[in-house]
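Q:
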DNA sequence: ACCAGCTACCTTGCAATGAAAGGTACTGTT
DNA sequence: AACAGTACCTTTCATTGCAAGGTAGCTGGT
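Protein chains in written order, with UniProt numbering: chain H, 1 to 110; chain G, 1 to 110.
Quick look at the structure:
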C-alpha cells in the first residue's frame, strides 16, 4: 500500500474509534494502527493535538515504568458524536465509490 | 457528505475507471461523478491534465453541436494497469480500515 | 560513569490534492 | 446585442500525511 491519499481523513476516524474503546497514548496508538495501516509518529501527534484542540479529546498524564510519562487521550461526548458521524460518512462514501467503480456510475439511484 | 478528505486519491480511481469504460470529456465526467460524489470542475480538469501527463490518458478533440469542441480522454494500456492496481489497493485499504474501526485493531491477522 | 537502545513526547518543512474563485470562448435563443 | 448554457482552463488556498529531526526518561551492559 503506497497510496498516501487514501488515508486522508480516515486516520482521524481510526484514531477516534480506537481512543473511544479505551484511553490510549500516542505511541501506543501508532503501534496499534500501524499493524494495519502504515503510519508514523509525525502523523499521529499533530493529529492528536488537533483533535484535542477541537474538543474531541481530553488528556491526562500517567507515569510509566519503562520510560517518560505517557499522555493519555480520552474521547469526549462531542468526540463520540463526531466519531459516529464520521463512521456513517465513511460507510456512505465507500458505498458511493463502489457504485462508481463497479457499476460505472450508470446505476439508477435517487 | 462534507468530508473532503475521504475523496483524496479516490477521485483519481473513479476517473480512471469511468474513462476506461468509454472515452469521456471533462464536463461529462464532472456531471457523471457528481451524481454520486460532490465534485467540481476545478478538481477534474487539473486531475485530467496530470493523468494525461503521466501517460495514463491520450486525448483528442471532437466538435460539438452545442458549444466549444470537446476534449475526449482515452485510457492507455499503462492507464489500465494503473487503474487495476489502484482498484486492488482500494479494496485492501477499505478492508484494513474496517478491521481497525469494527474490530478495534485487535483482530488477529498475518 | 558511560553508552546504546528503547520508550515517549514534540516540531518544522515539504508534497500532494481537492476546492473556490475566476477567466475564456463557442452556440443558440430572444 | 444580451443572455444562458456548454466546455475548457488557471491561480490561489487549506488540509493533511510524512520525513526528518529534536528532547528526555528508563534499562541493561561494560
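Quick reminder that beta carbons are idealized off the backbone N, C-alpha and C, glycines included.
Quick caveat, the model's predicted, so the values are computed rather than measured.
Please report the straight-line C-alpha distance between residue 92 of chain H and residue 67 of chain H, rounded to a whole angstrom.
A: Here residue 92 of chain H is taken as the residue at index 92 of the first chain, counted from 1. Here residue 67 of chain H is taken as the residue at index 67 of the first chain, counted from 1. So the alpha carbons of these two residues sit roughly 42 Å apart.
Q: Starting from residue 71 of chain H, trace the beta strand (DSSP E) both ways and give me its first and last residue.
A: The count along the first chain starts at 1 and reaches residue 71 of chain H at position 71. Segment 70–75, the beta strand (DSSP E) holding residue 71 of chain H.
Q: Would you say the region 54–74 of chain G touches the region 16–25 of chain G, given that touching needs at least three Cβ pairs under 8 Å?
A: yes
Q: Can a CB atom of chain G be found closer than 8 Å to the CB of residue 42 of chain H?
A: In the first chain, the residue the question calls residue 42 of chain H occupies position 42. No, residue 42 of chain H lies away from the interface with chain G (no Cβ there is under 8 Å from its Cβ).
Q: With a Cβ-Cβ cutoff of 8 Å, do residue 37 of chain H and residue 96 of chain G count as a contact?
A: Translated into the one-based positions of the first chain, residue 37 of chain H becomes position 37. Translated into the one-based positions of the second chain, residue 96 of chain G becomes position 96. Yes, they are a contact pair.
Q: Return the CA-CA distance between residue 109 of chain H and residue 102 of chain H, expressed in angstroms with no decimal places.
A: Taking the first chain and counting its residues from 1, the one referred to as residue 109 of chain H is at position 109. Taking the first chain and counting its residues from 1, the one referred to as residue 102 of chain H is at position 102. Confidence at residue 109 of chain H is low in this model, with a pLDDT of 39, below 50, so its placement is unreliable and the value that follows should be read with caution. Cα-Cα distance, rounded: 14 Å.
Q: Have a look at G:30, G:99, G:82 and flag the residue whose alpha-carbon is nearest the alpha-carbon of residue 46 of chain G.
A: Along the second chain, one-based indexing puts residue 46 of chain G at 46. Nearest of G:30, G:99, G:82 to residue 46 of chain G, Cα basis: G:30.
Q: Should residue 98 of chain H and residue 89 of chain G be called a contact, given that it needs their Cβ atoms to be closer than 8 Å?
A: Here the question's residue 98 of chain H lines up with position 98 in the first chain. Here the question's residue 89 of chain G lines up with position 89 in the second chain. No, they are not a contact pair.
Q: In the DSSP assignment, what residue or residues form a beta bridge with residue 45 of chain G?
A: Taking the first residue of the second chain as 1, we reach residue 45 of chain G at position 45. Looking at the DSSP assignment, residue 45 of chain G forms no beta bridge with any residue, so it has no partner.
Q: Using CA atoms only, rank isn't needed, just tell me which of G:60, G:26, G:6 is closest to residue 42 of chain G.
A: Here residue 42 of chain G corresponds to residue number 42 of the second chain, with the count starting at 1. Ranking G:60, G:26, G:6 by Cα distance to residue 42 of chain G puts G:26 first.
Q: How big is the Cα-Cα spacing for residue 85 of chain H and residue 65 of chain G?
A: Reading the first chain from its first residue, position 85 is the one you call residue 85 of chain H. Reading the second chain from its first residue, position 65 is the one you call residue 65 of chain G. Near 45 Å, if we compare the C-alpha coordinates of residue 65 of chain G and residue 85 of chain H.
Q: Can you tell me which residues form a DSSP beta bridge with residue 59 of chain G?
A: If you number the second chain from 1, residue 59 of chain G lands on position 59. Its beta-bridge partners are G:73.
Q: Note the first and the last residue of the continuous alpha helix (DSSP H) segment covering residue 33 of chain G.
A: Position 33 of the second chain, counting from 1, holds the residue named residue 33 of chain G. Residue 33 of chain G -> alpha helix (DSSP H) spans 26–33.
Q: Distance check for residue 12 of chain G and residue 82 of chain H, CA to CA, integer angstroms please.
A: Counting from one through the first chain, the residue named residue 82 of chain H turns up at place 82. Counting from one through the second chain, the residue named residue 12 of chain G turns up at place 12. Taking the straight line from one Cα to the other gives about 27 Å.
Q: Could you give the DSSP three-state label for residue 115 of chain H: helix, strand or coil?
A: Nothing can be reported for residue 115 of chain H, as the shown portion of chain H is limited to 1 through 110.
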